[in-house]
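Under the working numbering, the first residue of the sequence shown is numbered 6, with each subsequent residue one higher.
Cβ atoms here follow ideal geometry from the backbone N, Cα and C, with glycine treated the same way.
Step one of this worksheet: look at the structure below.
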Amino acid sequence: MSLFSFSKKQDKNGVVAIFDIGSASVGGALVFLDEGKIPKVLYSVRKEMVFKEDLDINKFTSSMIRTLESVLADIEKKGLIHLNFRTLKNKEITNAFCFFSSPWYVSQTNVVRINKKELFSVNQDLVDEIIGEERRLFMEEKGKIFGRGNEVEFMESKIIQLRLNGYKIQNPYKKYVNSVEAEVFLSLIMTNVADKVEKTVAKYFNLERLHMHSFTLASFLCLRDIFESNDDFVFLDVSGEVTDVSFIKNDSLRETETFPMGKNAFIREIMKDLKTNYSSASSMINIYKEGKMDPENSKKIEGSINKIKKVWIKYLEQAMFDLSHGAILPRVIFVIADPDVGDVLIKMIQQENFTKLVFPDYNQSAEPLFIKPNLLKNSCDFYSDVEKDVFLMMESAFISRISDS
């Protein structure tokens with residue numbers, strides 16, 4: 006039995022619902038799982054949260070729930086009909102998966118090492134003991150991170166990699182070893198946020214269970230499977246209000262840092278400089294990216310982007326420096342972001358000399374790669390009329406991965 010899998014009762018075939026909750030939008034999809042095959046997206050939708058000039062956690066949460074409800078209503082009205090055309094009529098949806106991006110959760114990866122002169126057995130009791138102790142320590146350290154009075158609960162507490170006597174292994178049980186190295190991933194979410202999401206989804210689906218996961222874990226495992234030859238890399242999850250920076254070393258998710266600047270920072274600056282609204286500023290970024298903007302406005306947009314670029318790059322460099330702990334950082338940087346800003350971010354990273362960082366071969370230029378749907382074609386399939394949403398595709402691949410394990 007794999008350490009990272011569904012319970013034995015989980016059906017590995019059928020249609021599941023997926024919800025992607027970010028800091029600026031909510032996505033939803035219906036996905037067909039067929040054991041031994043890659044998942045197939047049957048229907049997808051994404052809706053933007055109401056843009057706010059200033060962020061208030063209570064209003065922010067309310068906006069997210071309203072947007073989630075809108076996505077659920079869309080799936081109920083339009084998505085379920087698609088099942089009839091996909092020869093999946095009367096397929097009951099009893100399982101759903103909700104993935105959260107920052108700032109909805111906090112996570113940490115810890116490495117636990119056990120070394121003994123005498124051989125000892127790896128069994129479920131040992132695994133439970135490792136996870137239990139890490140949960141206790143993590144709750145002590147991060148239990149109050151969302152503020153006094155905000156109760157938290159574990160979203161994930163999983164061993165995502167295990168080395169026995171220095172070797173990676175999937176099925177460790179009933180083996181006798183001298184050393185164990187366990188990589189434990191833990192995440193906490195505010196109880197009231199989890200409860201509100203669960204109650205909202207329950208209005209539309211009669212589920213056996215709503216599985217909750219962090220996008221960091223899902224994207225890490227997905228990227229690791231796709232780019233098997235890259236044992237060391239950095240990946241960025243750039244959402245509306247924040248950017249997550251994750252450092253992978255020797256095929257292990259070492260640490261993740263978050264800084265408070267995402268896509269909307271660029272939009273706010275354009276709104277201010279060009280005295281326009283959110284919708285127009287978003288459109289301008291797209292037109293600028295495609296090279297279709299007139300020279301005068303293009304120069305203005307470039308000026309706005311450059312102002313935010315300086316601050317965003319400074320945050321990024323500091324986060325990468327902190328994560329490295331003096332180690333040489335990998336040059337490969339995977340960028341996960343909305344299509345309208347992904348290419349802009351790639352260009353920014355390519356142009357930057359990271360003065361605090363030393364990449365291999367003492368070359369101070371990074372090699373960023375924007376994660377687009379075509380890179381996921383061997384991990385997730387979709388019907389031709391379905392919007393190719395990278396976030397939902399990666400989450401589908403993650404679900405299929407743990408379902409088949």
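- SER112 has its alpha-carbon roughly 13 angstroms from the corresponding atom of LYS149.
- Restricting attention to SER287, LEU279 and ILE313, the CA atom closest to the CA of GLU301 is found in LEU279.
- A Cβ-Cβ contact shorter than 7 angstroms links SER405 with PRO44.
- Distance from SER75 to LYS57 at the Cβ level is roughly 17 angstroms; contact not present, criterion being Cβ atoms closer than 8 angstroms.
- Pairing LEU226 with PHE403 gives a Cβ-Cβ distance under 7 angstroms.
- For PHE102, DSSP records a beta bridge to ILE23 and HIS216.
- Spatial neighbours of LEU350 in its own chain (CB-CB distance under 8 angstroms, excluding positions within 5 residues in sequence) are listed in chain order as LEU241, VAL243, VAL340, ALA342, PRO373 and PHE375.
- Non-local beta-carbon contacts of ASN120 in its own chain, meaning distances under 6 angstroms to residues more than five positions away in sequence, involve SER184 in chain order.
- For GLN113, the uninterrupted beta strand (DSSP E) segment begins and ends at 110–127.
- A straight line joining the alpha-carbon of PHE359 with that of SER251 spans about 17 angstroms.
- Less than 7 angstroms divides the Cβ of TYR209 from the Cβ of GLU81.
- Ranked by Cα distance from ASN176, the first of ASN128, ASP256 and HIS218 is ASN128.
- For the pair GLU392 and SER49, the CB atoms are nearer than the 7 angstroms cut-off.
- At the C-beta level, VAL132 and GLU188 stay beyond 7 angstroms of one another.
- Linking SER303 to LYS277 through their CA atoms gives a straight-line distance of about 15 angstroms.
- THR263 and ASN89 have their C-alpha atoms spaced approximately 42 angstroms apart.
- Within the model, the alpha-carbon separation for LYS315 versus GLY33 is close to 34 angstroms.
- Contact check for SER384 and ASP230: beta-carbon distance about 7 angstroms, within the 8 angstroms limit, so the pair qualifies.
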